[in-house]
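Reading through the structure tokens given below for one structure.
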Amino acid sequence: MSSGTKPSLVFCHGILADGSCFNKVMPTFQAEGYEVISAQYPLDDNVEDVAAARYYLNQVSGPAILVGAFSRAPNVFSPEFKDCYEYRLLPNMRHKPGDAILFHADVLVLEYALRAPLPAATLCPVREQTTGRAFIDPSSMQIVRLEQQWPRRHNEGSKFPVSWSWYIDYGRVMMDGKAFWLPKTISSKASSLDGGRFKWSFLATYGNYHLMTVTSTVLPAANSSQP
19 MSSGTKPSLV FCHGILADGS CFNKVMPTFQ AEGYEVISAQ YPLDDNVEDV
69 AAARYYLNQV SGPAILVGAF SRAPNVFSPE FKDCYEYRLL PNMRHKPGDA
119 ILFHADVLVL EYALRAPLPA ATLCPVREQT TGRAFIDPSS MQIVRLEQQW
169 PRRHNEGSKF PVSWSWYIDY GRVMMDGKAF WLPKTISSKA SSLDGGRFKW
219 SFLATYGNYH LMTVTSTVLP AANSSQP
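According to this note's numbering, the residues represented by the sequence shown are 19 to 245, in order.
Right, dumping it as structure tokens:
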């Protein structure tokens, strides 16, 4: 329950995730006296997703702060899931073979693949065959590009297995004298394995990032005796 002196927190997940991705951080805020809730939506339709987020905002008792998460894509390099994947370091390269992407300096390329069979004692973020590559800037050890393929992923709400792939390009962004590595481009494609009767794709670009400071004031209820 809300303490009455702190804002409520509504956690909103991004692509490649659901509301459960906040399960480990929510108890920390609850212990600090915050009222918290995690929104759940399918990411199938922008209008419906916004309506779902508004619904969760109306479920909390006080002024709310939206807490967003872009995606769980970097989970493949989380120490928590290191036993889920096999990794192989490739020679330095300036571009991805067969693609028009050109890096200004050599990058490290790390291939990864979900282990088969999966370790019984580890709760892995995905259960289906997954492979991909990470392109890493050796001077900063930051990921500059992340790719992933799910060869036979069953699309939610569809009986057709699909081949799904995506990539995220990250760039260095300076804000308030500090460097942040943030997404620049996200591309995602899926095609059903029945000859392509079901297909979808999107390409999103991001820029003009700004730091934002949020403050809030919790007012007493209308029937409160406080001045």
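Where is the CB? At the ideal position from N, CA and C, for every residue including glycine. Keep in mind it's a predicted model, so treat the numbers as computed, not measured.
| Check | Outcome |
| --- | --- |
| What three-state label does DSSP hand D67 in the structure shown? | helix |
| For S183, which residues of its own chain have a beta-carbon under 6 Å away from its beta-carbon, when the five flanking residues on both sides are left out? | Q167 and K207 |
| Would you say Y105 and L128 are within 7 Å of each other, going by their C-beta atoms? | yes |
| How would you call S56, buried or exposed, if buried means at least 16 neighbouring beta carbons within 10 angstroms? | buried |
| Checking 7 Å against the spacing of the C-beta atoms, do L164 and I186 come in under that value? | yes |
| If you draw a straight line from the C-alpha of A197 to the C-alpha of G213, how long is it? | 45 Å |
| Whole angstroms is fine: what's the gap from P115's alpha carbon to K100's? | Any reading at P115 needs caution, since the residue's pLDDT is 46, under 50, leaving its predicted position unreliable; the model's value is listed next. Going from the Cα of P115 to the Cα of K100 covers about 27 Å. |
| May I ask you to report which of helix, strand or coil DSSP gives E146? | coil |
| First and last residue of the alpha helix (DSSP H) that includes P45? | M44 to A49 |
| Using a 10 Å radius around the Cβ and a threshold of 16 neighbouring Cβ atoms, would you call H228 buried or exposed? | exposed |
| Around the Cβ of Y74, are there at least 16 other Cβ atoms within 10 angstroms (buried) or fewer (exposed)? | buried |
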